[in-house]
Amino acid sequence: MSSKLWAARAASYLKISFQYRGFATVIKDLKYADSHEWVKVEGNSATVGITDHAQDHLGDVVYVELPDEGAEVKQGASFGAVESVKATSDINSPISGKVVEVNTKLSDSPGLVNASPYESGWIIKVEINDADEVKSLMDSDQYSKFCEEEDAKH
Amino acid sequence: MAVSQTRDLGLPLIKLLRLKGVPILQQLHLEERLLRTSSDNWCIINDGTIDPTIVMGISGKPQELLEIESILRDDIPVIRRFTGGGTVIVDQGTIFVTFICNKDAVPGLQSYPQPIMSWSSLLYKKVFQGIGDFRLRENGILRAWRPQVWRECESITKNRWVHHTSFLWDYEISNMGYLKLPKRAPEYRQARDHLEFICRMKDYISRSSFIDRTIEAVGSEFLLRSAELEDAHCTLGSKFEPSSRLLRKQELGEAIFKSLTASQS
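These protein sequence lines map, in sequence, to chains V and G. Here the UniProt record's numbering is used: position 54 in the first sequence is 54, and no number is missing along the way. Here the UniProt record's numbering is used: position 196 in the second sequence is 196, and no number is missing along the way.
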């Protein structure tokens, strides 16, 4: 069965809407940074992770460096890192605020970032300062196009 | 004349910093500072480091990677560096080559781990052209060659990346005894121990020739400008604190305890 069909069945089961573009999945209701992080804003709370495009290009994640709860994060600035094949890569926050929860499961199972980048592979939850910051982020269509253009350049 | 003009036109500028015998921790601190606070491209070549030192990647667990009791007995320093990847033991027989670049410095290069490693492999292919029995790896990915004479690792930020390599120009066999076989070894390693897997570069090329060839290879992709250590320090932001650090003996002792606890459970 094709991966696209599996993705469609999984989305239907999980009751999430999604678009499938090429090999990387993009979720419709999330917002995206040009450094390939996603954010889901619900009121003054936000969940942050890295995108399917990012995890695919990074390779198998073997370690996630998480910030402390209570740490301040700033839009566009690094708050942690993922380690994949011989490399650490910064994770940049798409939103400013205070870290209220980190995904401790990633300590024992860093591969969740690869297997489920938008669900169980979430990285931090943030109490946001300014909801208007999301206006500077891309929606799913814009992010899909951004990824296609970025990959086409190389 | 026309050829040299063509080569100079359109090549990104890179500052070449040649060091000799700089301690590896000092080198790592410099690299991390340049990565985070400089906007220039840098190539750093450090010809050897003073004392044998073990350098682990960011997530390295001493109890899994090191023969800690021997290390404590012989007072070997252990550093946790800011980049990913595995564990090496470095000394005066190691030659370090590091690239710190803006993400757009190399045309067409995506700043992700595998493309950067492939780019560096191509560059080092030029260095080792016609020397020894070096062949490119399989799997469609340009990787380090057999026999293994180098170890590489990277760190990637939003707008810049660093790729550093330690070349085994020479090494002490006894030093390899401080390292365990890693659990997360790459497939090409196939559970071979260190001595089976590596060789001395000095059996193939002289030290000065390797460095000259490296500089020539870098010059084929960048416009080189020589820099001094003072130049590098002048460009650095004063507030940044590098994260690479020396592990305390207490931490290594605790790692032995963890190892014993894990083996009993």
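From the three backbone atoms N, C-alpha and C, an ideal C-beta is built for every residue, glycine too.
- prompt: Do three or more CB pairs link the region 109-117 of chain V to the region 136-144 of chain V at distances below 8 Å?
  reply: A contact between stretches requires three or more CB pairs, one per stretch, nearer than 8 Å, and the region 109-117 of chain V fails this requirement with the region 136-144 of chain V.
- prompt: So does the region 80-88 of chain V actually touch the region 50-64 of chain V, counting three or more Cβ pairs closer than 8 Å?
  reply: Touching, yes.
message: With H, G and I counted as helix, E and B as strand and the rest as coil, what does DSSP make of residue 151 of chain G?
response: Working through the second sequence from its first residue, we reach residue 151 of chain G at position 151. In this structure, residue 151 of chain G counts as strand in the three-state DSSP scheme.
- prompt: Between the region 149-163 of chain G and the region 65-73 of chain G, do three or more beta carbon pairs fall short of 8 Å?
  reply: no
- prompt: Given residue 58 of chain G, which residues of its chain have a CB within under 6 Å of its CB, disregarding the five upstream and five downstream residues?
  reply: The residue labelled residue 58 of chain G in the question sits at position 58 within the second sequence. So the qualifying residues of the chain are 84.
field: Contact set between the region 85-107 of chain V and chain G, restricted to residues whose Cβ is under 8 Å from the partner
entry: 85, 86, 87, 88, 89, 90, 92
Positions along the region 145-178 of chain G whose CB lies within less than 8 Å of some CB in chain V: 152, 153, 154, 155, 156, 157, 158
query: Does any CB atom of chain G fall closer than 8 Å to the CB of residue 30 of chain V?
result: For this step, residue 30 of chain V is matched to residue 30 along the first sequence. With 8 Å as the cut-off, residue 30 of chain V does not count as an interface residue toward chain G.
field: Reference residue 246 of chain G; option with closest CA among G/173, G/86, G/55, G/215
entry: As a first step, residue 246 of chain G is located in the second sequence; it is residue number 246 there, counting from the start. Nearest of G/173, G/86, G/55, G/215 to residue 246 of chain G, Cα basis: G/55.
message: With H, G and I counted as helix, E and B as strand and the rest as coil, what does DSSP make of residue 44 of chain V?
response: Taking the first residue of the first sequence as 1, we reach residue 44 of chain V at position 44. DSSP places residue 44 of chain V in coil when its eight states are reduced to three.
task: Can you have a look at residue 89 of chain V and say buried or exposed, based on whether 16 or more other CB atoms are within 10 angstroms of its CB?
output: As a first step, residue 89 of chain V must be located in the first sequence, where it is residue number 89. By the C-beta density criterion, residue 89 of chain V is buried, having at least 16 other C-beta atoms within 10 angstroms.
- prompt: Taking C-alpha atoms, which residue in V/91, V/143, V/96 lies nearest to residue 132 of chain V?
  reply: Within the first sequence, residue 132 of chain V is the residue found at index 132, counting from 1. Ranked by Cα distance from residue 132 of chain V, the options V/91, V/143, V/96 are led by V/96.
message: Does residue 251 of chain G come out as helix, strand or coil in the three-state DSSP assignment?
response: As a working mapping, residue 251 of chain G is identified with position 251 in the second sequence. Residue 251 of chain G: helix per DSSP, three-state reduction.
task: Could you spell out where the beta strand (DSSP E) holding residue 82 of chain V opens and where it closes?
output: Locating residue 82 of chain V in the first sequence gives position 82, counting from the first residue. That run of the beta strand (DSSP E) goes 78-84.
Close Cβ partners of residue 215 of chain G (< 6 Å) along its chain, the five nearest in sequence each way excluded: Taking the second sequence and counting its residues from 1, one reaches residue 215 of chain G at position 215. Cβ neighbours of residue 215 of chain G beyond the five flanking positions: none.
field: Within 8 Å, strictly: CB atoms of residue 28 of chain G and residue 82 of chain G
entry: For the purposes of this step, residue 28 of chain G is taken as the residue at position 28 of the second sequence. For the purposes of this step, residue 82 of chain G is taken as the residue at position 82 of the second sequence. Yes.
message: Counting C-beta neighbours from all protein chains within 10 Å, is the total for residue 108 of chain V 16 or more, i.e. buried, or is it exposed?
response: Your numbering for residue 108 of chain V matches position 108 in the first sequence. Residue 108 of chain V is exposed by the Cβ-count criterion.
- request: With residue 97 of chain V as the anchor, note down where its alpha helix (DSSP H) starts and where it stops.
  value: As a first step, residue 97 of chain V is located in the first sequence; it is residue number 97 there, counting from the start. Taken as a continuous stretch (DSSP letters only), residue 97 of chain V belongs to no alpha helix (DSSP H), being part of the beta strand (DSSP E) at 97-102.
message: Could you give the first and the last residue of the continuous beta strand (DSSP E) run that contains residue 159 of chain G?
response: Taking the second sequence and counting its residues from 1, the one referred to as residue 159 of chain G is at position 159. Neither: residue 159 of chain G is in no beta strand (DSSP E) and is coded neither H nor E.
- prompt: Any C-beta of chain V sitting closer than 8 Å to the C-beta of residue 226 of chain G?
  reply: In the second sequence, counting from the first residue as 1, residue 226 of chain G sits at position 226. Cβ-Cβ to chain V under 8 Å: no for residue 226 of chain G.
task: Counting only runs of 3+ residues fully inside the region 49-109 of chain G, write out the beta strand (DSSP E) ranges in chain order.
output: 53-56, 78-80, 88-90, 94-102
Under 7 Å from the C-beta of residue 113 of chain G: neighbouring residues of chain V: As a first step, residue 113 of chain G must be located in the second sequence, where it is residue number 113. Chain V residues near residue 113 of chain G: 58, 59, 84, 85, 86, 87.
query: What does residue 65 of chain V touch in chain G if you count any residue whose Cβ is under 9 Å from its own?
result: Residue numbering aside, residue 65 of chain V sits at position 65 when the first sequence is read from its first letter. Going along chain G in sequence order, the residues near residue 65 of chain V (Cβ under 9 Å) are 58, 59.
- prompt: From the beta carbon of residue 83 of chain G, is the nearest beta carbon of chain V less than 8 Å away?
  reply: Start at 1 with the first residue of the second sequence, and residue 83 of chain G comes out as number 83. Chain V, which has a Cβ nearer than 8 Å to the Cβ of residue 83 of chain G, makes this yes.
- prompt: What does DSSP give as the partner residues of residue 46 of chain G in its beta bridges?
  reply: Position 46 of the second sequence holds residue 46 of chain G. Answer is G/19, G/96, bridged to residue 46 of chain G.
- prompt: Using 8 Å as the limit for Cβ to Cβ distance, is residue 116 of chain V near chain G?
  reply: Within the first sequence, numbered from 1, the residue matching residue 116 of chain V stands at position 116. Closer than 8 Å: no.
message: Please list, in chain order, the chain V residues whose beta carbon lies closer than 7 Å to that of residue 17 of chain G.
response: As a working note, residue 17 of chain G is residue 17 in the second sequence. By Cβ distance, chain V contributes nothing, its closest Cβ being about 22 Å from residue 17 of chain G, past 7 Å.
field: N-terminal and C-terminal residue of the alpha helix (DSSP H) that residue 208 of chain G is part of
entry: As a working note, residue 208 of chain G is residue 208 in the second sequence. Element bounds for residue 208 of chain G: 207-219.
query: What residues of chain G sit near residue 35 of chain V, judged by a beta carbon separation below 8 Å?
result: Start at 1 with the first residue of the first sequence, and residue 35 of chain V comes out as number 35. What residue 35 of chain V touches in chain G: 158.
field: Cut-off 6 Å between Cβ atoms - residues of its own chain near residue 122 of chain V, not counting five sequence neighbours on either side
entry: Taking the first sequence and counting its residues from 1, the one referred to as residue 122 of chain V is at position 122. Here the set comprises 47, 49, 103.
task: Pull up the DSSP beta-bridge partners for residue 226 of chain G, would you.
output: Reading the second sequence from its first residue, position 226 is the one you call residue 226 of chain G. Its beta-bridge partners are G/16.
message: With a threshold of 8 Å between beta carbons, is residue 65 of chain G in contact with chain V?
response: The sequence position of residue 65 of chain G within the second sequence is 65, counting from 1. No, because no Cβ of chain V sits closer than 8 Å to the Cβ of residue 65 of chain G.
- prompt: Could you give the residue range of the alpha helix (DSSP H) that holds residue 54 of chain V?
  reply: Walking along the first sequence from the start, residue 54 of chain V turns up at place 54. Its alpha helix (DSSP H) spans residues 52-58.
query: Between the beta-carbon of residue 240 of chain G and the beta-carbon of residue 80 of chain G, is there less than 8 Å?
result: The count along the second sequence starts at 1 and reaches residue 240 of chain G at position 240. The count along the second sequence starts at 1 and reaches residue 80 of chain G at position 80. No, the Cβ-Cβ distance between residue 240 of chain G and residue 80 of chain G is not below 8 Å.
- request: For residue 110 of chain G, return the contacting residues in chain V, with the cut-off set at a CB-CB distance below 9 Å.
  value: By 1-based counting over the second sequence, the position of residue 110 of chain G is 110. What residue 110 of chain G touches in chain V: 57, 150, 151, 153, 154.
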